[in-house]
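Read the structure below first, then the notes.
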Amino acid sequence: KMQTFGWLEMPLFLIRISIYIPSKSRGVIFLSYYLLYPGRLPLEAAASSFEIGLKMTDGFYIIKGRNVRSGEGAREMLFDRAAKGKKSKELKGELKDLKKSLLNAGGEKAYVNEALRDYQAALEQGDTLREQYEEARRHLAQSRAAIERLLECMKESPVSEVKKSLDELMGDLDQVYHDCSIRDDDLDFQSTIQSLKQMAAEYEEHAAKAQTEAGSKLAAIMLRSELENVAAVLKDATGWEEPDFFALAYYLGHENRGSLREMENAQRNSYLVDYCGERFWNRFLELCRRAEAEQMVRFMTRKYIYNTEESPSNS
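Rendered as structure tokens:
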């Protein structure tokens, strides 16, 4: 039931593959293979050493908390890990060159070292925050669509189908949170979601009694009302502009995220840019201008956070 792949950073790569196969007659069959691979492994795996565990149960692989069909997602994950390793290696090389340019332009060594540490951290965290934001927005859109379908078809659909749709909706709603979207410390939204979860959990019971008991009919009305309330919040959040992920990453690296809680979306985005500019970006970029590296730094910021590949000469 377990497959483990290990790569070693050396001219010869030892790969161990262990497989546990359930068997009704023999319990569990254990197979282990050792392969010696000379030279460079595919997928740029030699760029960084890592291990991946894939647990297979009932035709599904559980990969870092995600369920995917057997054979689906594993290859994509390998490519993703290899790409991130290659990206990190490229970033370190570019930062090394940038450091030389900044020092040659008269930058103080202590400041340059500190600034580049902050810059690298914000680039790496900004990339993660952008991915998390896009994932949260995807679940937000799925939640809106699911609620719309439920409101249209709930009365006519079989109880089992409605319950299934409600359960799937709850799964999506658990993943709509982000510091610059619907926040997980939004107490009003959390209260509404908890109420909706309780109603969804009791839906089948109330639906079975709805024909004869007034209380259950009221519960159905309240469920519909809560769905409409959640839909209104999601619709509002859909119109919010995304943040500057570099500024957000820099802020979260130096301040408590809770201080953003009470800000409206536009105010928060503007505040993050001003904060980053005043404490880091303006001075750092001025030194980059003196080193004739401004365009390169702007290009690197887009490349490592937004994965753009345009030439810095077109900045």
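Under the numbering used here, the first residue of the sequence shown is numbered 1096, with each subsequent residue one higher. Positions of the beta carbon are idealized from the N, C-alpha and C atoms, including for glycine.
Quiz item: Roughly how many angstroms separate the alpha carbons of Y1272 and A1231, rounded to a whole number?
Solution: Within the sequence shown, numbered from 1, the residue matching residue 1272 stands at position 177. Within the sequence shown, numbered from 1, the residue matching residue 1231 stands at position 136. Whole-angstrom Cα-Cα distance: 6 Å.
Quiz item: What residue does the alpha helix (DSSP H) around I1242 start on, and which one ends it?
Solution: As a first step, residue 1242 must be located in the sequence shown, where it is residue number 147. First-last of the alpha helix (DSSP H) with I1242: 1204 to 1248.
Exercise. Write down every uninterrupted run of the alpha helix (DSSP H) in the stretch 1352 to 1400 whose length is 4 residues or greater and which is fully enclosed by it, in chain order.
Key: Listed in chain order, they are 1360 to 1371, 1377 to 1385.
Quiz prompt | Best match in L1245, G1348, C1371, G1202 for proximity to A1216 [C-alpha to C-alpha] | solution = Reading the sequence shown from its first residue, position 121 is the one you call residue 1216. It is G1348.
Practice problem: Count the other CB atoms, across all protein chains shown, that sit within 10 Å of the CB of E1251; report buried if there are 16 or more and exposed otherwise. | Solution: For the purposes of this step, residue 1251 is taken as the residue at position 156 of the sequence shown. Counting the other Cβ atoms within 10 Å of the Cβ of E1251 gives fewer than 16, which makes it exposed.
Exercise. Take the Cβ of S1320 as the centre, count every other Cβ of all protein chains shown within 10 Å, and call the residue buried at 16 or more, exposed below.
Key: Counting from one through the sequence shown, the residue named residue 1320 turns up at place 225. By the neighbour-count criterion, in which 16 or more other beta carbons inside 10 Å mark a residue as buried, S1320 falls on the exposed side.
Quiz item: Excluding sequence positions up to five away, which residues of its chain have a Cβ less than 7 Å from the Cβ of Y1366?
Solution: The residue labelled residue 1366 in the question sits at position 271 within the sequence shown. Correct list, in chain order: M1358.
Practice problem: Check whether the stretch 1335 to 1348 touches the stretch 1360 to 1374, taking contact to mean three or more Cβ pairs, one atom from each stretch, closer than 8 Å. | Solution: Inter-segment contact for the stretch 1335 to 1348 and the stretch 1360 to 1374 is present: three or more beta-carbon pairs are separated by less than 8 Å.
Quiz item: Which class does N1409 belong to by DSSP, given the choice of helix, strand or coil?
Solution: Counted from its first residue, the sequence shown places residue 1409 at position 314. Confidence is the limiting factor: at N1409 the pLDDT is only 38, short of 50, which leaves the residue's position unreliable, though a coordinate-based value still follows. Looking at N1409 - three-state DSSP - the assignment turns out to be helix.
Quiz item: Which residue comes first and which comes last in the alpha helix (DSSP H) that contains V1257?
Solution: Mapped onto the sequence shown, residue 1257 falls at position 162. Element bounds for V1257: 1254 to 1268.
Quiz item: Does the distance from the C-beta atom of D1213 to that of F1375 stay below 8 Å?
Solution: What you label residue 1213 is simply residue 118 of the sequence shown in a count that begins at 1. What you label residue 1375 is simply residue 280 of the sequence shown in a count that begins at 1. When the beta-carbon positions are compared, D1213 and F1375 come within less than 8 Å of each other.
Self-check item: L1268 vs A1332 beta-carbon contact at 8 Å
Solution: Working through the sequence shown from its first residue, we reach residue 1268 at position 173. Working through the sequence shown from its first residue, we reach residue 1332 at position 237. No. Outside cutoff.
Exercise. Give me whichever residues DSSP pairs with Y1272 in a beta bridge.
Key: The residue you call residue 1272 lines up with position 177 of the sequence shown. Looking at the DSSP output, Y1272 bridges to I1277.
Quiz item: If you draw a straight line from the C-alpha of F1394 to the C-alpha of A1386, how long is it?
Solution: Position 299 of the sequence shown, counted from the first residue, corresponds to residue 1394. Position 291 of the sequence shown, counted from the first residue, corresponds to residue 1386. Rounded to whole angstroms, F1394 and A1386 show a C-alpha spacing of 15 Å.
Quiz prompt | Same chain, Cβ closer than 8 Å to A1326, neighbours up to 5 away in sequence not counted | solution = As a working mapping, residue 1326 is identified with position 231 in the sequence shown. Sequence-distant Cβ neighbours of A1326 in its own chain, meaning closer than 8 Å and more than five residues away, are R1239, I1242, E1243, L1246.
Quiz item: Does DSSP classify T1076 as helix, strand or coil?
Solution: There is no way to answer for residue 1076, as the model of the chain reaches only from 1096 to 1410.
Quiz item: Distance, Cα to Cα, D1283 vs N1199?
Solution: Residue 1283 sits at position 188 when you count from the first residue of the sequence shown. Residue 1199 sits at position 104 when you count from the first residue of the sequence shown. In a straight line, the C-alpha of D1283 is about 54 Å away from that of N1199.
Self-check item: Own chain residues within Cβ distance below 8 Å of E1389, not counting five before or after
Solution: Stepping through the sequence shown from its first residue, residue 1389 is reached at position 294. Within the same chain, E1389 has close Cβ partners L1380, C1383.
Quiz item: Do L1318 and Y1298 come within 8 Å of each other at the CB atom, strictly closer than that value?
Solution: Here residue 1298 is taken as the residue at index 203 of the sequence shown, counted from 1. Here residue 1318 is taken as the residue at index 223 of the sequence shown, counted from 1. L1318 is positioned such that its CB atom lies closer than 8 Å to that of Y1298.
Exercise. List the endpoints of the continuous alpha helix (DSSP H) containing A1295.
Key: In the sequence shown, residue 1295 corresponds to position 200, counting from 1. It spans 1282 to 1296 - the alpha helix (DSSP H) in which A1295 sits, taken as one unbroken run.
Quiz item: Alpha carbon to alpha carbon, what distance is there between G1180 and S1255?
Solution: Taking the sequence shown and counting its residues from 1, the one referred to as residue 1255 is at position 160. Taking the sequence shown and counting its residues from 1, the one referred to as residue 1180 is at position 85. Our two residues, S1255 and G1180, have alpha carbons roughly 45 Å apart in a direct line.
Quiz prompt | Check whether K1187 and V1207 have beta carbons under 8 Å apart | solution = In the sequence shown, residue 1187 corresponds to position 92, counting from 1. In the sequence shown, residue 1207 corresponds to position 112, counting from 1. Cβ distance not < 8 Å, so K1187 and V1207 don't count as in contact.
Practice problem: Compute the beta-carbon to beta-carbon distance between Y1399 and L1218, rounded to the nearest angstrom, for a pair I have assumed lies under 8 Å. | Solution: Indexing the sequence shown from 1 puts residue 1399 at position 304. Indexing the sequence shown from 1 puts residue 1218 at position 123. Going by Cβ atoms, the distance from Y1399 to L1218 rounds to 4 Å, so yes, they are a contact pair.
Quiz item: Can you tell which of T1287, G1334, D1274 has its C-alpha closest to the C-alpha of G1353?
Solution: For the purposes of this step, residue 1353 is taken as the residue at position 258 of the sequence shown. Comparing Cα-Cα distances from G1353 to each of T1287, G1334, D1274, the minimum goes to D1274.
Quiz item: Can you give the Cα-Cα distance for Q1220 and A1344, rounded to whole angstroms?
Solution: The residue you call residue 1220 lines up with position 125 of the sequence shown. The residue you call residue 1344 lines up with position 249 of the sequence shown. The alpha-carbon atoms of Q1220 and A1344 are separated by roughly 6 Å.
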